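Numbering (my numbering), first residue to last: 662 to 1359. Note that CB positions come from ideal geometry on N, CA and C, so glycine has one too. If you're wondering where the values come from, they're calculated on a predicted model, not measured in any experiment.
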Amino acid sequence: MRKEDILADNEEAKAVPLQVEKLFNGKKHPLSSKDWQNILVFGDNLQFLKTCYRNQDPIIKDKVRGKVNFIYIDPPFGTGEQYDESKGQSAYTAKRKGADFIEFMRRRLVILKELLSENGLIAVRQAFNFGHYMKIVLDEVFEKNFINEIIIGRKRDSAGSRNKFEVANESIFLYSKSGDYNIKDIYAKRSLTDIKWTSFLMAEERSPRERIFLGLKLLPPKGQHFSLIQEKCDKLTQENYIRLRCKQCGARHYYAEFPAELNKRMRSKDKFKFYDINSNTIYFGARKIDKCLNCRKIDFAVDYLGSEDAKLNNMWTDLRSYSNTTGYPTENSEELLERIISATSNENDLVMDVFAGSGTTLTVAEKLGRRWIGCDIGKLSIYTIQRRLLTIAESKALENKKEKYRKDATAFCVVTAGLYDLEKIFNQVKDKYIEFVSQLFEVEKIENKRIGGIEIYGKKGDFYVNIFPYWEFKDANVDKQYIEDLHKNIGKKIDERFYVIAPANSVDFISDYHPIDNIRYYFLKVPYQIIKELHKVQFKKLRQPQSKNNINDLEDAVGFHFIRQPEVKSEIEKRKDKIIFKITKFYSQYTEEESHEELENFESLAMVLADLNYDGETFLMTDYFFADHLIGGKKKKKENEDLKEEPEEVIDNTKIRAALKGQKEIKLEFSKEACGKEVMVVYVDIYGNEFREILKVK
């Protein structure tokens, strides 16, 4: 697909409005900067990116397009291999192959480039087995602005492979939007094997030849010179980066105000400077000497120790690139993200990750004082990130892993893109409602226009749009009389078709349109039932997995949908040492998307999430269970305690659904000790709809 078509919305995925689901602000979560709160988006990332590019939604208007300073993504690797949680790639399928995967990524990269600031940078992580193809796509999109391939370690070495060398690395491809960018130098601690005492002698004699060390005037060998000036020598001597070593007996002489001070330094963070000192080594600490304090000779070598920190190149195998603090698939390590975000951005810069997964990019951006935007299509991802951000104060500090971060997250909002709460739409004030439905139905706004006395809010394509003012006519509907009156006023002044946006329960027509003369009056209802005549492609819902093994099987969403709460019936059984939740009914309000058949009991259950210590305000997920893990006869174990190193076979969804249909009830067991006074349980269907309940357990 051409770049122009992607940016012009001439394809299946289109921009959709954003709906705020939850705000975390106020004294506990202050704004990170004026007029900005961080954004966590549940939805298809291509739709969200198009919303940002379109730049009309009030949440992101004039705040994102052309203003993102750094983008980090760890997208699916597209290899066709099977992955379990310990190897899966965010909540997008890692099974796309060849041209499909290339186009999947290309469409997103084209828009991501447009969102970058002129000096912005993007980093794309890829595995060894598909990185070359990814680089071709990146070269096409970002042209000559390739900067580096950064080599990082894999999660683990494989258990053993035949007829090939073991693969120990993955890659991060770093690109800029333009030639105007800045990357900071990065320094890391040297390993002890790389720390060595050397000389700082260089060829040729220079004047003055002598230098003073610990009060002794020394000359370099003939034909050489000391490469450091006296002032630098004094500083490094006092910091113990320079020492005198007796050539006769090997005794080391270090600068120290008194001997005990030297012993103290040897136990401090500077102990690396004394790596070659052992019980057999003779050493001294003194301000000045006139001879060796051991053998009394004057025959010294001047030893120089390079800094503990070394400037890094593109080999980043010194740190862990994956972590497992959340139990979420392929959690990138905070060490990796700290390094790359620090090098490519500044405080208060805007950082984006649209394959947010476990939320490491967002968490590290928060800790580094950056603003951030994250997006993922998976419910498990969103709840994992929400918990991670709301408990960030208890997580480890970046600069000292032994210390806690001890700061609450700055203000952020959780928003949805493409799946909407109908009640929230109608609870909006008039102007916000008009703004929302105009975006929803891709209406190009027209200011202050009337035709035949009828207010025109904009155009959809080439045809005019009216928004039914239900807030004024609470007892009136869009019925035959309303359309006939409308036609009398505007029928002779418009062509072919006219759109009316209205609440579905305010429209008396069953059909998609009502014709009068040569004009068709189309009804765009909220909630919307797709009008096939107006859409080339059938809408496709956000799909949630029913197994941890299938967490990568989610496909692109098309269009938008409205939340329909599943029907759930449950009960709680309290025993002496445990709590048992029994679920006897779970029905989705949507039919099966392909066949349009009704889904039977439990068939549409995707996962159950729980907060065992619900505080009465905020859901903080402590446990999660995929549907296949709840089928009778299986061990009831938390998914996040069931991570395995070896990939498991991807489970056929039809088999899961068939097994679920055979269930009479589903049980969840928790120890009473693990539960607080109240427990919140969230039931999620395969289309991302939720039913929540709060249960008193103590």
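Counting only residues of its own chain and dropping the five nearest sequence neighbours on each side, W977 has a CB closer than 6 Å to the CB of I811 and I813. The beta carbon of V702 is closer than 6 Å to those of F709, C1036, V1076 and A1078 in its chain, skipping five residues each way along the sequence.
Considered as a whole, the stretch 943-1019 harbours 944-947, 961-966, 970-972 and 1011-1014 as its complete beta strand (DSSP E) runs of no fewer than 3 residues, in chain order.
For T1077, the enclosing beta strand (DSSP E) begins and ends at F1073 to A1078.
Sequence-distant partners of Y915 (beyond 5 residues in either direction) whose C-beta falls short of 6 Å from its own C-beta, in its chain, are N901, R904, L923 and G946. For Q787, the three-state secondary structure derived from DSSP is strand.
In the structure shown, H793 adopts helical secondary structure according to DSSP, grouped into three states.
Here L1260 is not near G1349, since their CB atoms are 8 Å or more apart. Boundaries of the alpha helix (DSSP H) harbouring R926: P920 to R926, taken from the DSSP string. Using a 10 angstroms sphere on the CB of A676, the tally of other CB atoms reaches 16 or more, which defines it as buried. Taking the C-beta atoms as reference points, F1280 is found no nearer than 8 Å to V1340. Shown here for R867: same chain residues with a beta carbon closer than 7 Å to its own, the five before and five after excluded, namely H886 in chain order. Taking 8 Å as the cut-off, the Cβ atoms of L1041 and Y1251 do not count as close. Non-local beta-carbon contacts of I1292 in its own chain, meaning distances under 7 Å to residues more than five positions away in sequence, involve A1320, L1321 and Q1324 in chain order. Between K1110 and A1004, the C-beta gap is not smaller than 8 Å, which leaves the two residues out of contact. Here Y1183 has R1158, F1159, Y1160, V1161, D1173, Y1174, I1192 and L1195 as same chain residues with Cβ atoms under 8 Å from its own Cβ, once five neighbours each way along the sequence are excluded.
Under DSSP, A1271 takes part in a beta bridge, and its partners are D1284 and V1342.
In chain order, D841 and Y842 place their CB closer than 6 Å to the CB of N780, counting only its own chain and leaving out the 5 sequence neighbours on each side.
Contact between C953 and C894 does not hold, since the beta-carbon distance rounds to 19 Å and is not under 8 Å. With a threshold of 16 other beta carbon atoms within 10 Å, I1117 meets it and is buried. According to the DSSP secondary-structure assignment, F731 is paired through a beta bridge with L782 and V1012. Here Y1348 carries a coil assignment [DSSP, helix/strand/coil]. Per DSSP, the continuous alpha helix (DSSP H) segment holding H1148 begins and ends at K1141 to I1151. With a cutoff of 8 Å on beta-carbon distance, F1097 and I700 are scored as not near each other.
C-alpha of R870 to C-alpha of D951: approximately 19 Å in a straight line.
For T1071, the number of other beta carbons within 10 angstroms of its own is at least 16, and it is reported as buried.
Here the C-alpha atom of E995 lies approximately 8 Å from the C-alpha atom of S982.
In this structure D718 touches L679 by the C-beta definition: roughly 5 Å separates them, less than 8 Å. One alpha carbon belongs to C910, the other to R957, and they sit about 10 Å apart.
In the DSSP annotation of this structure, the continuous segment of the beta strand (DSSP E) that includes E1234 starts and ends at E1228 to K1235. Remark: fewer than three beta-carbon pairs, one from each stretch, lie closer than 8 Å, so the stretch 1054-1062 and the stretch 686-698 are not flagged as touching. The three-state reading of DSSP puts I1034 in strand, counting E and B together. Annotation for A971: R851 place their beta carbon closer than 6 Å to its own, counting only its chain and skipping 5 residues before and after.
The secondary-structure analysis by DSSP pairs Y936 with nothing; it has no beta-bridge partner. Judged by DSSP secondary structure, Q885 falls within the beta strand (DSSP E) whose first and last residues are Q885 to F887.
K1359 carries a coil assignment under DSSP once its states are collapsed to helix, strand and coil.
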